[in-house]
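Chemist:
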Amino acid sequence: MLETNYRSHPSIISFSSQQFYGGLLTAGFDASNFPRPRGMFFPNDERAVFIHVDGSEHRDYAGSWENQLEAKVVIDVCENMVRQNGWVNAKDLNSQKVAVLSAYRAQCTLINAGIRHLGLVCVTVDSIQGSERDKIGR
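Numbered per this note's numbering, the sequence shown spans residues 406 to 543.
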């Protein structure tokens, strides 16, 4: 069993530890190793932020789920973070290792239409398994 995670902020590790590891998973680095990006509010320095959106889900032609209002919120957050951090091109974003995740292909399609010009891409959760990113949006 995994005992120490060196990839994630301690607040994210704490959630995973409690939910999936019976409290036994620990963070390999303290919070100071994970600088907070500008343009996003992180209460109590938490890094898992949930934004409630009163949108409605729909299935696309292939049966995948999408939510247009939720996609708009994600696009707005991405645009704000890019602007606030001075990331101006894909090279800047690659150095930051930013990823936008969704559980659904159709949702990624909606989000990609709004963030492609920023040099960002939305990918499905299962397609990014084994990869590392410093910043994750969902």
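Glycine included, C-beta positions come from ideal geometry on N, C-alpha and C.
Can you grab the Cα-Cα spacing for the pair Tyr426 / Leu474, in whole Å?
Modeler: Whole-angstrom Cα-Cα distance: 34 Å.
Chemist: Relative to the alpha-carbon of Val487, which residue among Tyr509, Arg443, Gly468, Thr529 has its alpha-carbon at the smallest distance?
Modeler: Looking at the Cα atoms, Arg443 is the closest of the given residues.
Chemist: Which of helix, strand or coil does DSSP assign to Leu407?
Modeler: Three-state result, Leu407: coil.
Chemist: Threshold first: 4 residues or longer. Then list the alpha helix (DSSP H) segments lying entirely within the segment 414-494, N to C.
Modeler: Within the segment 414-494, the complete alpha helix (DSSP H) runs of at least 4 residues are 415-425, 473-490.
Chemist: Use the C-beta contact count for Glu471: other C-beta atoms within 10 angstroms, 16 or more gives buried, fewer gives exposed.
Modeler: The residue is buried, with at least 16 neighbouring Cβ atoms inside 10 Å.
Chemist: Can you tell which of Glu451, Gln424, Gln423, Met406 has the C-alpha that lies nearest to the C-alpha of His414?
Modeler: If we check each option's Cα against that of His414, Glu451 comes out closest.
Chemist: Residues in the same chain with beta-carbon distance under 7 Å from Tyr411, minus the five sequence neighbours each way, listed in chain order, please.
Modeler: The answer, listed in chain order, is Gly433, Phe434.
Chemist: Taking buried to mean at least 16 other C-beta atoms within 10 Å of its own C-beta, is Ile456 buried or exposed?
Modeler: Classification of Ile456: exposed, given that the 10 Å Cβ count is below 16.
Chemist: Apart from the five residues on each side of it in sequence, which residues of its chain come closer than 7 Å, Cβ to Cβ, to Val528?
Modeler: Only Ala504, Leu506, Cys513 meet the Cβ criterion.
Chemist: Going by beta carbon distance, what residues of the same chain come within less than 8 Å of Asn517, once the five residues before and after it are set aside?
Modeler: Contacts found: Val526, Cys527.
Chemist: So, helix, strand or coil for Ala511, using DSSP?
Modeler: The answer is helix: DSSP assigns Ala511 an H, G or I state.
Chemist: Kindly list the residues whose CB is nearer than 7 Å to the CB of Ala453, restricted to its own chain and excluding five residues on each side of it in sequence; keep chain order.
Modeler: Closer than 7 Å at the Cβ level, and outside the excluded window around Ala453, lie Ser416, Ile417, Phe420.
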